[in-house]
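All remarks here apply to the structure that follows.
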Amino acid sequence: MKLSSALSFFCLLVAPLSSSAFGVHRSTESRSSALHMAAPVVDEATNTLTVNPIKSLDGTVTLPGSKSLSNRCLLLAALSDGNTKVENLLESDDIRYMLEALDQMKVPVERDPNDKTTVTVTGQNGPINAPSEEVCELFLGNAGTAMRPLAAALCMGEGKFVLDGVPRMRERPIADLIDGLKQLGADVSCVEETGCPPVTINSNKLNGGKASISGKMSSQFLSSLLMASPTATGDVTISIKDELISAPYVSLTIGLMKKFGVNVEIIGDMDGTPSFHIPASEKYVSPESILVEGDASSASYFIAGAAITGGTVTVRGCGSESVQGDVAFADVMEQMGATVTWAPESITVTRDPSVKLKGVDVDCGKIPDAAMTLAVAALFAEGPTTIRNVYSWRLKETERMKAIVAECTKLGATVEEFRDYCVIHPPTDNIVNDNVTIETYDDHRMAMTFSLAACAGVNVIIHDPGCTAKTFPTYFEMLESIATH
526 MKLSSALSFF
536 CLLVAPLSSS
546 AFGVHRSTES
556 RSSALHMAAP
566 VVDEATNTLT
576 VNPIKSLDGT
586 VTLPGSKSLS
596 NRCLLLAALS
606 DGNTKVENLL
616 ESDDIRYMLE
626 ALDQMKVPVE
636 RDPNDKTTVT
646 VTGQNGPINA
656 PSEEVCELFL
666 GNAGTAMRPL
676 AAALCMGEGK
686 FVLDGVPRMR
696 ERPIADLIDG
706 LKQLGADVSC
716 VEETGCPPVT
726 INSNKLNGGK
736 ASISGKMSSQ
746 FLSSLLMASP
756 TATGDVTISI
766 KDELISAPYV
776 SLTIGLMKKF
786 GVNVEIIGDM
796 DGTPSFHIPA
806 SEKYVSPESI
816 LVEGDASSAS
826 YFIAGAAITG
836 GTVTVRGCGS
846 ESVQGDVAFA
856 DVMEQMGATV
866 TWAPESITVT
876 RDPSVKLKGV
886 DVDCGKIPDA
896 AMTLAVAALF
906 AEGPTTIRNV
916 YSWRLKETER
926 MKAIVAECTK
936 LGATVEEFRD
946 YCVIHPPTDN
956 IVNDNVTIET
966 YDDHRMAMTF
976 SLAACAGVNV
986 IIHDPGCTAK
996 TFPTYFEMLE
1006 SIATH
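Residue numbering for the sequence shown follows my numbering, starting at 526 and increasing by one per position.
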């Protein structure tokens, strides 16, 4: 997917509701088979789940809502004029933290009693203010998609706030965002020694202005500033002073802002050092209802599983018209030897049994989350796979570079680690070690990614499988429902 295509199709995918091919369903449809086993059971004593050897993955998976879109939709709905019905909202820890923060700040959010994926948010027609003169303390777990956008948005209103999270959140950098907010005149700080949360805010509205920030560590800093800017009282111009990683996520943000009535002027090339201008006249207006697209990062596990096993899997909820950059992971699987068929709202993947997966050398700067799945697919390929431009792995829910190196090595691979890339040499004859316990490091994507090692015909033991609750609580059930053993 090209970046320009993603922007141009945004209106079709996060749009006022009429009907939906994927709706809000949490179901998985697959062919019936006597070989399909019951959903895996967690061993409570060891907090592990064993994924039994997988022969093939075949079926259709309806994806849960996108994490990135879900929390963005909730925040923009809260800043808008009018009420917004948000549907296909992801049920996960990250979204729960955002919803609880809105509740705590007295932003009315009505839950649908018959559908946990639907809420109606009463917009504040401007910035969110503290609910009282006391300090409003918000606990946001390890949810970067809540911490960063709220840190920016709450600088635009009035009141005192402290934003904090779990110990890992206190290790995740936010200084570049804080620097940008200070350039706009905000009274905001993080821990000076670490450049990480907690974030302390003493807000008294912002007039706007100009800010120049780094885009090398995370695109979420830019996205957060963009989403907050229309609630400033004056014009805002934000420029990138070095390089912008994960640019598709910024396009996703700008496209969603447009659905809420705000147009962002882009100056320069998104692949270079762009600037963004938001005039004071641009204000959020509710679209009345909005549907959250299926999560493309979550699609990567099923896409890779089909490529690895030679089964046929269709993921519904994102496709050729998706605004999410991670759908490009399907192109990487095609480079490796899979057959990929695109539809506007779905992707179907298979592989001819006579075609063996080949190692690839890929710049994954625009798909860092899905790139983790490539690391496990590399175990099944002929030749090494090089995953480049993923320094941001080191700043995520865990230090993902070291985690991936460690777990791939356990499975029998030889991995060369560099600052922002790694080279994975598959095990000899692609024979993966059996009964390996995968440490997940409280990282949802580590658990889901390494479950696919079972496609080598081995048992894989996932430690702390419940960490998938961050974005995909039903992942293992969905995987099992399309697995033949």
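Ideal placement from N, C-alpha and C gives every residue a C-beta, glycine not left out. Since the structure is predicted, the reported quantities are computational estimates derived from the model, not experimental observations.
What do you get for residue i, buried or exposed, if any count of 16 or more other CB atoms within 10 angstroms of its CB means buried?
i       : result
Thr719  : exposed
Phe1001 : buried
Phe997  : buried
Val940  : buried
Thr993  : buried
Ile792  : exposed
Asn729  : exposed
Asp796  : exposed
Val566  : exposed
Ala853  : buried
On the premise that residue j lies in contact with residue i, defined as a C-beta separation below 8 angstroms, what is that separation, rounded to the nearest angstrom?
i      : j      : result
Ala655 : Glu683 : 7 angstroms
Lys891 : Pro773 : 5 angstroms
Val874 : Ala855 : 6 angstroms
Asn596 : Asp618 : Contact flag wrong, Cβ pair sits at about 11 angstroms.
Ala895 : Ser825 : 4 angstroms
Thr911 : Val961 : The Cβ separation is near 23 angstroms, so there is no contact.
Ile779 : Leu751 : 7 angstroms
Ile828 : Pro799 : Not quite, the Cβ-Cβ distance comes to about 30 angstroms (not below 8 angstroms), so this is no contact.
Asn667 : His988 : With a Cβ gap of about 17 angstroms, Asn667 and His988 do not count as contacting.
Kindly list the residues whose CB is nearer than 8 angstroms to the CB of residue i, restricted to its own chain and excluding five residues on each side of it in sequence; keep chain order.
i      : result
Ala626 : Leu663, Leu665, Ala671, Leu675
Thr923 : Arg693, Tyr966, Asp967, Asp968, Met971
Thr953 : Gly937
Do residue j and residue i have their beta-carbon atoms positioned less than 7 angstroms apart in this structure?
i      : j       : result
Ser605 : Gly651  : no
Asp945 : Tyr916  : yes
Asp701 : Ile726  : no
Gly844 : Val810  : no
Leu709 : Ala736  : yes
Val775 : Leu614  : no
Val716 : Lys685  : no
Val644 : Ala603  : no
Asp794 : Ala821  : no
Gly759 : Ala805  : yes
Val840 : Ile872  : yes
Ser771 : Ser744  : yes
Gly584 : Ile1007 : yes
Thr866 : Leu582  : no
Pro723 : Ile699  : no
Asp704 : Lys741  : no
Lys883 : Glu907  : yes
Met623 : Ile653  : no
Ile963 : Glu932  : yes
Near residue i, what residues of its chain come up, given a Cβ to Cβ distance below 6 angstroms and the 5 sequence neighbours on each side ignored?
i      : result
Ala757 : Met681, Leu731, Gly733
Pro869 : Gly844, Ser845, Glu846
Ser555 : Here the model assigns Ser555 a pLDDT of 32, short of 50, so the residue's position is not dependable, and the following value carries that caveat. Excluding positions up to five away in sequence, the list reads Gly584, Ser1006, Ile1007.
Gly836 : Ser581, Leu582, Asp583
For residue i, which residues from the same chain have a beta carbon less than 7 angstroms from its beta carbon, with the 5 sequence-adjacent residues on both sides left out?
i      : result
Pro755 : Val787, Ile803, Glu807, Lys808, Tyr809
Asn914 : Asp888, Cys889, Gly890, Asp945, Tyr946
Met897 : Arg925, Ile929, Arg970, Thr974
Val957 : Leu904, Leu936, Gly937, Ala978, Ala981, Val983
Ordered list of alpha helix (DSSP H) runs contained in the stretch 628 to 707, each at least 4 residues: DSSP runs (the alpha helix (DSSP H)) wholly in the stretch 628 to 707: 669 to 678.
Sequence ranges, alpha helix (DSSP H) only - wholly within the stretch 719 to 776, length at least 4: The qualifying runs are 745 to 753.
Length-filtered (4 minimum) alpha helix (DSSP H) runs lying within the stretch 598 to 630: You should have 618 to 629.
Uninterrupted alpha helix (DSSP H) stretches inside the stretch 820 to 854 (no shorter than 4 residues): Within the stretch 820 to 854, the alpha helix (DSSP H) runs of at least 4 residues that lie entirely inside it are, in chain order, 821 to 834.
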